[in-house]
Amino acid sequence: MKKIGAFIFILFLMNTCINNDVAENHNCDYKTIISLAQYQNAPSDNLTINSLKIENECLIINFSSSGCDGQSWEVNLIDSGNVYNDNPLQRNLRLSLKNKELCEAYITKELSFDISNLKVEGHKIQLNLINSGKSLLFEY
Numbered sequence: 004m005k006k007i008g009a010f011i012f013i014l015f016l017m018n019t020c021i022n023n024d025v026a027e028n029h030n031c032d033y034k035t036i037i038s039l040a041q042y043q044n045a046p047s048d049n050l051t052i053n054s055l056k057i058e059n060e061c062l063i064i065n066f067s068s069s070g071c072d073g074q075s076w077e078v079n080l081i082d083s084g085n086v087y088n089d090n091p092l093q094r095n096l097r098l099s100l101k102n103k104e105l106c107e108a109y110i111t112k113e114l115s116f117d118i119s120n121l122k123v124e125g126h127k128i129q130l131n132l133i134n135s136g137k138s139l140l141f142e143y
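Numbering (the working numbering), first residue to last: 4 to 143.
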């Protein structure tokens with residue numbers, strides 16, 4: 004009986020030591036790209052950023068542009084890869100839009116981007132969305 008009790012106790016200990024650092028699924032629409040080349044060269048068709056907010060490690064961007072219905076738009080959130088040593092630390096990002104739609108409607112969309120890969124040492128970083136003039140403090 005002692006062996007069974009010891010065995011159960013060891014199983015209990017093993018279960019409590021399992022690494023829970025598995026990447027969380029934040030249910031964001033897209034991943035954030037970190038690439039200086041893409042940051043500098045990705046499409047930059049005209050858009051207006053209406054609002055920004057962070058929820059559960061997703062940066063939610065509400066934006067508008069002209070088009071037919073926005074279904075063919077190619078949208079990416081791109082980080083330059085640089086971390087600036089201001090207080091707080093800062094990163095520059097831009098929303099890239101490739102828009103080949105020739106209609107004159109004004110379309111508004113809201114998309115979310117996983118920003119968990121933008122974390123640095125510490126518990127916060129300022130995210131500057133350069134094509135909006137807006138910044139958000141990402142605390143984690």
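For each residue, glycine too, the CB sits at the ideal point set by N, CA and C.
Quiz prompt | Top-ranked residue by Cα proximity to GLU107, from SER69, GLU142, ASN95 | solution = SER69
Quiz item: Quick one: is the Cβ of ILE36 within less than 6 angstroms of any heavy atom of the ligand FMN?
Solution: Within the structure as shown, the ligand FMN is missing, as the structure has no ligands at all.
Quiz item: Is the distance from the Cβ of CYS71 to the Cβ of HIS29 below 7 angstroms?
Solution: no
Self-check item: Supposed contact pair ASN44 and ASN53 - C-beta distance, whole angstroms, cut 8 angstroms
Solution: Contact doesn't hold; Cβ gap of about 25 angstroms is too wide.
Self-check item: Contact check, ILE81 vs SER99, beta carbons under 7 angstroms
Solution: yes
Exercise. Below 8 angstroms on the Cβ atoms is my guess for ILE118 versus THR35; work out the distance and round it to an integer in Å.
Key: 5 angstroms
Quiz item: Hey, how far is the Cα of GLY136 from the Cα of ARG97?
Solution: Distance between the alpha carbons of GLY136 and ARG97 is about 10 angstroms.
Quiz item: Does DSSP put LEU114 in a helix, in a strand, or in coil?
Solution: strand
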